[in-house]
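Encoded as structure tokens, the structure appears first; notes follow it.
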Amino acid sequence: MLFPEVDEKATKERVDSLLKNYHKIRRLSGMPIEQKVTATYSLDPKSFTGMNSSAIESGTIKKLDSVSLYRDINAAINTLDAYYGERIYVKYINSTRFYDYEVFSAEQISEATYYREVG
């Protein structure tokens, strides 16, 4: 077999959860990383795992991860046919949140067709 089997249901669920977080990813990708100015005092012992846990470093890693994820999502949507790309845009990316029934009513398609195409 050239390609491994794909669990379509699990893939749809992962894509749905990822796209539901699209606005958060977009916000994080443009969020400036600011250094903490005040001192932090803690009674908890420091972890000596050999890993740096500075706030700046973890913030930078989050930003880079979200920038990469944001670009990947947009590239994937841009490779779709315009019809399906618009469906994804209306359901997940549009700044105005619509209920599913509002979308398929406005587009004058049946509920079954909508869920078959979008998931």
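Quick note on this note's numbering: the sequence shown kicks off at 1 and runs consecutively. No residue lacks a Cβ here, since even glycine has one placed at the ideal position from N, Cα and C. A quick note: this is a predicted structure, and the numbers were derived from the prediction, not measured.
On a CA-only basis, which of the options is nearest residue i? Give me that one, please.
| i | options | result |
| --- | --- | --- |
| L69 | L19, G85 and D100 | L19 |
| S17 | V67, L80 and I73 | I73 |
| K24 | P4, I93 and E107 | I93 |
| K91 | V15, S66, V6 and A75 | V15 |
| Y84 | Y115, F3, E5 and M1 | Y115 |
| F107 | G30, V6 and E86 | The amino acid at residue 107 is misidentified as Phe; the sequence shows Glu. Among G30, V6 and E86, the Cα nearest to that of E107 is on E86. |
| R97 | Y22, S110 and I56 | Y22 |
| L28 | P4, S110, K9 and R71 | R71 |
Between the C-alpha atoms of residue i and residue j, what's the straight-line distance to the nearest angstrom?
| i | j | result |
| --- | --- | --- |
| S58 | T113 | 43 angstroms |
| E117 | Y101 | 14 angstroms |
| S105 | Y99 | 10 angstroms |
| L64 | V103 | 33 angstroms |
| L2 | S95 | 40 angstroms |
| G30 | E5 | 36 angstroms |
Output needed for residue i: all residues of its chain with C-beta closer than 6 angstroms, excluding positions within five of it in sequence on either side, in chain order.
| i | result |
| --- | --- |
| I88 | I77 |
What do you get for residue i, buried or exposed, if any count of 16 or more other CB atoms within 10 angstroms of its CB means buried?
| i | result |
| --- | --- |
| S54 | exposed |
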